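A.B. asks:
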Amino acid sequence: MAIYEVFRQEKKGAAFAHAGSVEAPCAEFAEAFAHEQYGRRHESVALWVVPRDAVHEVSAFYDELGKTYHRVDGYSLKEKLRVARERAGTAEDR
Amino acid sequence: MTEAEFLAYVQDGGQVETGDWLPDEYRARLIKFIEMHANSELMGVLPEREWILRAPTLQRKLALTAKVQDEVGHAQLIYRVVEDLGKPRDQSLADLISGKAKFHNVFHYATKTWGDVGVIAWLVDAAAIISQKALLKCSYAPYARIMKKICWEESFHILHGRDVILTLMNGTDEQRELVQEALNRWWGPLMQFHGNPIPADEDPMFVWRIKSQGNEEARQQFLDGYVPQIWELGLTVPDPKLRKVGDVWEYTEPDWDELKHVVTGHGPKTAERLDFRRRMLEQEQWVRDVVLAA
Chain A
2 MAIYEVFRQE KKGAAFAHAG SVEAPCAEFA EAFAHEQYGR RHESVALWVV
52 PRDAVHEVSA FYDELGKTYH RVDGYSLKEK LRVARERAGT AEDR
Chain B
3 MTEAEFLAYV QDGGQVETGD WLPDEYRARL IKFIEMHANS ELMGVLPERE
53 WILRAPTLQR KLALTAKVQD EVGHAQLIYR VVEDLGKPRD QSLADLISGK
103 AKFHNVFHYA TKTWGDVGVI AWLVDAAAII SQKALLKCSY APYARIMKKI
153 CWEESFHILH GRDVILTLMN GTDEQRELVQ EALNRWWGPL MQFHGNPIPA
203 DEDPMFVWRI KSQGNEEARQ QFLDGYVPQI WELGLTVPDP KLRKVGDVWE
253 YTEPDWDELK HVVTGHGPKT AERLDFRRRM LEQEQWVRDV VLAA
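Chain order of the listed sequences is A and B. Residue numbers 2 to 95, in the numbering used here, belong to the letters of the first sequence in order. Residue numbers 3 to 296, in the numbering used here, belong to the letters of the second sequence in order.
#1: Is it right to say A:Tyr39 is buried, meaning 16 or more other beta carbons lie within 10 angstroms of its own, or is it exposed?
#2: Please list, in chain order, all residues of the same chain as B:Trp210 whose beta carbon is under 7 Å from its beta carbon, the five residues on each side excluded.
#3: Any chance you could list the beta strand (DSSP E) runs of at least 3 consecutive residues sitting entirely within the stretch 168–232 of chain B, in chain order?
#4: Any idea what DSSP makes of B:Ala57, helix, strand or coil?
#5: Mind checking which residues open and close the alpha helix (DSSP H) that includes B:Lys102?
#6: Since B:Lys139 and B:Cys153 are thought to touch, with beta carbons under 8 Å apart, how far apart are those beta carbons, to the nearest angstrom?
#7: Using beta carbons (cut-off 9 Å, strictly below), is A:Gly40 in contact with chain B?
#8: Helix, strand or coil for B:Trp44? Go by DSSP, reduced to three states.
#9: Taking C-beta pairs closer than 8 Å, name the residues in chain B that A:Glu37 reaches, listed in chain order.
#10: Could you tell me the distance, in whole angstroms, from the CA atom of B:Ile99 to the CA atom of B:Glu52?
#11: Which value, in whole angstroms, describes the spacing of the CA atoms of B:Asp241 and B:Thr254?
#12: Between the stretch 136–148 of chain B and chain A, which residues of the former have CB atoms less than 9 Å from a CB of the latter, in chain order?
#13: Mark B:Gln287 as exposed unless 16 or more other C-beta atoms lie within 10 angstroms of its C-beta, in which case mark it buried.
#14: Is it true that the CB of B:Val74 sits closer than 9 Å to the CB of B:Ile54?
#15: With 8 Å as the C-beta to C-beta threshold (strictly closer), list the residues of the stretch 5–23 of chain A near chain B in chain order.
#16: Measure from the alpha carbon of B:Trp188 to the alpha carbon of each residue in B:Ile232, B:Arg147 and B:Asp205, then state which is nearest.
#17: Which of the three DSSP states, helix, strand or coil, is assigned to B:Lys243?
#18: Run through the DSSP bridge pairs and tell me what A:Pro52 is partnered with.
#19: Can you tell me which of B:Glu218, B:Gly216, B:Asn107 and B:Thr115 puts its alpha carbon nearest to the alpha carbon of B:Ile167?
#20: For a quick check, are the C-beta atoms of B:Leu276 and B:Gly46 less than 9 Å apart?
#21: Suppose you measure from the CA of B:Ala68 to the CA of B:Pro58; what does that come to, to the nearest Å?
#22: Any idea if B:Gln194 is buried or exposed, counting beta-carbon neighbours within 10 angstroms, 16 or more meaning buried?
#23: Considering only the alpha carbon of each residue, which of B:Arg62, B:Glu7, B:Leu44 and B:Gly21 lies closest to A:Ala59?
#24: Flag this pair as touching only if the stretch 105–120 of chain B and the stretch 37–46 of chain B have three or more C-beta atom pairs under 8 Å; answer yes or no.
#25: Considering only the beta carbon of each residue, do B:Arg279 and B:Leu66 sit closer than 9 Å?
#26: For B:Leu32, return the contacting residues in chain A, with the cut-off set at a CB-CB distance below 7 Å.
#27: Quick one: what's got a C-beta closer than 8 Å to B:Ser157's C-beta in the same chain, skipping five residues either side?
#28: Taking Cβ-Cβ distances shorter than 9 Å, what residues in chain B pair up with A:Pro52?
#29: Determine whether the Cβ of B:Gly21 lies closer than 9 Å to any Cβ atom of chain A.
#30: Taking the alpha helix (DSSP H) that B:Ala130 falls in, what are its first and last residues?
#31: On the three-state DSSP scale, how would you describe B:Glu274?
#32: Establish whether the CB of B:Asp118 and some CB of chain A are separated by less than 9 Å.
#33: Compute the Euclidean distance between the alpha carbons of B:Ile33 and A:Lys81, then round it to the nearest angstrom.
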């Protein structure tokens, strides 16, 4: 017996999201079990059934240098905009 | 990570995955709790299964069969979660039929009439869905994810139950009496369902954030949601003390001795249903043998 991870797509064009897993003696049974567990009520339009061993997880993400310039939260414009508007004389109009 | 850091992490709303380091106590509690949930799904179909052949219409037979299929599917999904935590399915099933492992109190009772089937699908499922919704935020993420699918299916099981009840309540006096009698039978077990009112902070299941609410909170939510729905049909809740004072429902103290007696394997139908499971497991051994030989 082997574990197969099941990913399901809720509608065409949507991302496949991890739903759970099934245990089966071979891929054919895994597909049948996944079909019953995650699709029989039309809750999915497609499934990916993948042997657990085939999934390679990468989860080491570091940001020691705090590189905020490549994120939207790295830019706080509010105070600068207020000063700029004051200098431009457009602060009152807004 | 130390156990204290782990505790702080989950109490702050953090979730963990199968491969993460888990404190021994946390893993043991998860296995025991989730295994009992799986057992309850598996045993919970037996009271309803008895009524498939006796259901009043073809539509009801199909709906009940589908519900049974759904619940067994839930058991399979949940046993899978237990397996990843380290307890094989064979072991869980062996502990169930030997009487070592527990399952929910409501599945130890007889299903006397079609009224009971309606009350089970409506109110027992309603009580269960309140517990299960509180598991959507479980600190153990694989369990929380499975719960999403389960809650989705339970939501139409409740409608099936309510439809059965409404049909009976719109029928003859005898049919209405059938519902009232079933409600009288099930009220006690329903009030015991969420467990004794241990404060959330002293409940290890809450402390580890396996559950996100305390027992009494769940019961209050059940009463709040369903007593008005029971009353509006002209049914009587068999508890003279039941009333809402401010935001809080008052009620007669549930029979905690009965709860303990029943879940430790002494319910009216416990032995018969475990025996059925035992026989089925033996009878279907050849299926497992064939599949594994494939």
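Glycine residues also receive a C-beta, built at the ideal position from the N, C-alpha and C atoms. Please read all numbers here as calculations on a predicted model, not as lab measurements.
C.D. replies: In short:
#1: Within the first sequence, residue 39 of chain A is the residue found at index 38, counting from 1. By the neighbour-count rule (16 or more Cβ atoms within 10 Å), A:Tyr39 is buried.
#2: To locate residue 210 of chain B, count along the second sequence from 1; it is residue 208. Val12, Tyr28, Arg31 and Ser141, listed in sequence order.
#3: Listed in chain order, nothing qualifies, since the stretch 168–232 of chain B has no complete beta strand (DSSP E) run of 3 or more residues.
#4: Residue 57 of chain B sits at position 55 when you count from the first residue of the second sequence. Here B:Ala57 sits in coil by DSSP.
#5: Counted from its first residue, the second sequence places residue 102 of chain B at position 100. Where B:Lys102 is concerned, there is no enclosing alpha helix (DSSP H), given that its DSSP letter is neither H nor E.
#6: Counting from one through the second sequence, the residue named residue 139 of chain B turns up at place 137. Counting from one through the second sequence, the residue named residue 153 of chain B turns up at place 151. Between B:Cys153 and B:Lys139 the Cβ distance is about 12 Å, and since that is not below 8 Å, they are no contact.
#7: Along the first sequence, read from residue 1 onward, the residue named residue 40 of chain A stands at position 39. Against chain B, the CB of A:Gly40 has no partner CB under 9 Å away; the residue lies outside that interface.
#8: Indexing the second sequence from 1 puts residue 44 of chain B at position 42. Residue identity check: residue 44 of chain B is Leu in the sequence provided, not Trp. DSSP places B:Leu44 in helix when its eight states are reduced to three.
#9: Position 36 of the first sequence, counted from the first residue, corresponds to residue 37 of chain A. Residues of chain B passing the Cβ test: Gly75.
#10: Counting from 1 along the second sequence, the entry for residue 99 of chain B is found at position 97. Counting from 1 along the second sequence, the entry for residue 52 of chain B is found at position 50. The alpha-carbon atoms of B:Ile99 and B:Glu52 are separated by roughly 19 Å.
#11: Your numbering for residue 241 of chain B matches position 239 in the second sequence. Your numbering for residue 254 of chain B matches position 252 in the second sequence. Rounded to whole angstroms, the gap between the alpha carbons of B:Asp241 and B:Thr254 is 7 Å.
#12: Listed by position along the chain: Pro144, Arg147 and Ile148.
#13: The residue given as residue 287 of chain B occupies position 285 in the second sequence. Taking all protein chains shown into account, B:Gln287 has fewer than 16 neighbouring C-beta atoms within 10 Å of its C-beta and is therefore exposed.
#14: Position 52 of the second sequence, counted from the first residue, corresponds to residue 54 of chain B. Position 72 of the second sequence, counted from the first residue, corresponds to residue 74 of chain B. No, Cβ-Cβ distance for B:Ile54 and B:Val74 is not below 9 Å.
#15: Flagged, chain order: His19, Ala20, Gly21, Ser22 and Val23.
#16: Mapped onto the second sequence, residue 188 of chain B falls at position 186. The shortest C-alpha to C-alpha distance from B:Trp188 to any of B:Ile232, B:Arg147 and B:Asp205 is the one to B:Ile232.
#17: Within the second sequence, the letter at position 241 stands for residue 243 of chain B. In the structure shown, B:Lys243 sits in coil (DSSP, three-state: anything other than H, G, I, E or B).
#18: Residue numbering aside, residue 52 of chain A sits at position 51 when the first sequence is read from its first letter. Per DSSP, A:Tyr5.
#19: Taking the second sequence and counting its residues from 1, one reaches residue 167 of chain B at position 165. Of B:Glu218, B:Gly216, B:Asn107 and B:Thr115, the residue nearest in Cα terms is B:Thr115.
#20: Walking along the second sequence from the start, residue 276 of chain B turns up at place 274. Walking along the second sequence from the start, residue 46 of chain B turns up at place 44. Between B:Leu276 and B:Gly46, the CB-CB gap reaches or exceeds 9 Å.
#21: Sequence index remark: in the second sequence, residue 68 of chain B carries index 66 (1-based). Sequence index remark: in the second sequence, residue 58 of chain B carries index 56 (1-based). Looking at the two C-alpha atoms, the distance is approximately 16 Å.
#22: Looking up residue 194 of chain B in the second sequence gives position 192. Residue environment analysis places B:Gln194 among the buried positions, since at least 16 neighbouring C-beta atoms fall within 10 angstroms of its C-beta.
#23: Counting from one through the first sequence, the residue named residue 59 of chain A turns up at place 58. According to the sequence displayed, residue 59 of chain A carries Val and not Ala. If we check each option's Cα against that of A:Val59, B:Gly21 comes out closest.
#24: By the C-beta criterion, the stretch 105–120 of chain B is judged to be in contact with the stretch 37–46 of chain B, since at least 3 inter-stretch pairs fall below 8 Å.
#25: For the purposes of this step, residue 279 of chain B is taken as the residue at position 277 of the second sequence. For the purposes of this step, residue 66 of chain B is taken as the residue at position 64 of the second sequence. With contacts defined as CB atoms closer than 9 Å, B:Arg279 and B:Leu66 fail to qualify as a contacting pair.
#26: Here residue 32 of chain B refers to the residue found at position 30 of the second sequence. Per Cβ cutoff of 7 Å: no residues; B:Leu32 is ~16 Å from chain A at best.
#27: Within the second sequence, numbered from 1, the residue matching residue 157 of chain B stands at position 155. Counting only Cβ-Cβ distances below 8 Å, and skipping sequence neighbours, we find Ile131.
#28: Residue numbering aside, residue 52 of chain A sits at position 51 when the first sequence is read from its first letter. Identification of chain B residues near A:Pro52 by a Cβ-Cβ cut-off of 9 Å yields none; the smallest Cβ-Cβ distance measures about 15 Å.
#29: For the purposes of this step, residue 21 of chain B is taken as residue 19 along the second sequence, with counting starting at 1. Yes - at least one Cβ of chain A is within 9 Å of the one on B:Gly21.
#30: Position 128 of the second sequence holds residue 130 of chain B. Per DSSP, the unbroken alpha helix (DSSP H) holding B:Ala130 starts and ends at Asp127 to Lys135.
#31: Position 272 of the second sequence, counted from the start, is the residue given in the question as residue 274 of chain B. B:Glu274 falls in the helix class under three-state DSSP.
#32: For the purposes of this step, residue 118 of chain B is identified with residue 116 of the second sequence, where counting begins at 1. Chain A, which has no Cβ nearer than 9 Å to the Cβ of B:Asp118, makes this no.
#33: Counted from its first residue, the second sequence places residue 33 of chain B at position 31. Counted from its first residue, the first sequence places residue 81 of chain A at position 80. Whole-angstrom Cα-Cα distance: 55 Å.
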